[in-house]
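Take a look at the structure below.
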Amino acid sequence: MPYVKTRDGTDIYVKDWGSGRPVILLHGWPLSSDSWDPQMMALADAGFRAIAYDRRGFGRSGQPWSGYDYDTLADDLADVMAATGADSDATLVGFSMGGGEVARYMSRHGGKGVIAAALVASVVPYMLKTEDNPHGTPEDKLAEIGENIQKDRAHFFRDTFFKQFFGVGVISHPVSDDVLDWATTTALQAGLKPTLACAEAFGHTDFRPDLASFNVPTLIIHGTSDQTVPIDAAGRPASLGIANSQLVEYDGAPHGLFATHGDRLTNDLLTFLGR
1 MPYVKTRDGT DIYVKDWGSG RPVILLHGWP LSSDSWDPQM MALADAGFRA
51 IAYDRRGFGR SGQPWSGYDY DTLADDLADV MAATGADSDA TLVGFSMGGG
101 EVARYMSRHG GKGVIAAALV ASVVPYMLKT EDNPHGTPED KLAEIGENIQ
151 KDRAHFFRDT FFKQFFGVGV ISHPVSDDVL DWATTTALQA GLKPTLACAE
201 AFGHTDFRPD LASFNVPTLI IHGTSDQTVP IDAAGRPASL GIANSQLVEY
251 DGAPHGLFAT HGDRLTNDLL TFLGR
């Protein structure tokens, strides 16, 4: 069953590997479920059922004009869980933008069927800098993302965004140029409208009211050198606001942990799931 049709008729591409207790992985912006492949392989080999899907507008999923708000994205998650039968004893793992879908599912759908959650370099609880969120990203910096995407999307992703995403600099080069090329190609599979609309959603959605809905053990993983989603605006306040959560900080790590620290991330997820 490679596709699931959501309640509003959008076709969502789903990868469903292995058997056992379900682990549903939500990918980051502007990538696809393929970014989770190494972790999915390890989960399936360890006796779990690994499920990941391309967010609407991205990868191989449909590209409707609307539905890129987090309420709709959480409904998509609920529809995928129901269609795959992974709606009990499930663990939700959200990377970056995907963490917002986990948070909104927990509040909007009451965490139905979820027994554990993980937020990896997640945008939760709030990315925008405000008076009561001083460590967030300034509005003008968020606006620059949209401007650069509309000006030259390929150049922005390849030569600016993904270098910061993976911590590539003059001296530091934790991933190959091939990974940068793959990420750019994957990002360009998404439609322009979904790319811009989702950037607006993750940059301006306040998940602080959703934190109280996390009523399951929650693992929070974040790199201390994450410049895309700074830890002081995300991982650390999320751990303070979510009861029964555990924060694991990757010292000096950038945003794209699934590639730069893939083995460690996989091991930490498996250890958490084994509890």
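FYI, the numbering for the sequence shown is 1 to 275, going by the UniProt record's numbering.
Beta carbons: idealized from backbone N, C-alpha and C, even for Gly.
All values reported here derive from a predicted model rather than from experimental measurement.
- Ranking L92, K141, D87, F214 by CA distance to the CA of A199 puts K141 first.
- The alpha carbon of A46 has as its nearest neighbour, out of P22, H27, Y53, the alpha carbon of P22.
- Under the DSSP definition of a beta bridge, T218 partners with A117, S245.
- The C-alpha of L211 lies about 29 Å from the C-alpha of G59.
- Note on geometry: alpha-carbon atoms of L269 and D89 lie some 16 Å from one another.
- Separation of the CB atoms of H255 and S96 is rounded to 7 Å, and the pair is thereby assigned contact status at 8 Å.
- For W17, the uninterrupted beta strand (DSSP E) run begins and ends at 11-17, by DSSP.
- Here G67 carries a coil assignment [DSSP, helix/strand/coil].
- In chain order, Y13, V14 place their CB closer than 7 Å to the CB of P2, counting only its own chain and leaving out the 5 sequence neighbours on each side.
- Between the region 107-126 and the region 216-232, the count of C-beta pairs closer than 8 Å reaches three or more; the two stretches touch.
- With distances taken between CA atoms, W17 lies nearest to L25 out of F157, L25, D11.
- Between P30 and the set A117, L77, W182, the nearest pair of CA atoms involves W182.
- In this structure, DSSP gives I149 a helical state, which the three-state scheme calls helix.
- DSSP, read as helix, strand or coil, puts L92 in strand.
- Under the three-state reduction of DSSP output, R21 falls in the strand class.
- For Y53, the enclosing beta strand (DSSP E) has its first and last residue at 48-53.
- In the three-state DSSP reduction, G223 falls in the strand class (E or B).
- Cβ neighbours of F48 within its own chain (closer than 7 Å, five residues either side excluded): G18, G20, R21, V23, L273.
- Per DSSP, reduced to three states, the secondary structure at Y126 is coil, with no helix or strand assignment.
- In the three-state reduction of the DSSP assignment, V102 falls in the helix class.
- When the alpha-carbon of Y250 is set against those of Y105, R236, H173, the nearest one is in R236.
- For V170, there is no enclosing alpha helix (DSSP H), as DSSP marks it with neither H nor E.
- Relative to the Cα of G99, the nearest Cα in the group A238, V248, N244 belongs to A238.
- Around the beta carbon of S33, a 10 Å sphere encloses 16 or more other beta carbons of the protein chains shown; the residue is thus reported as buried.
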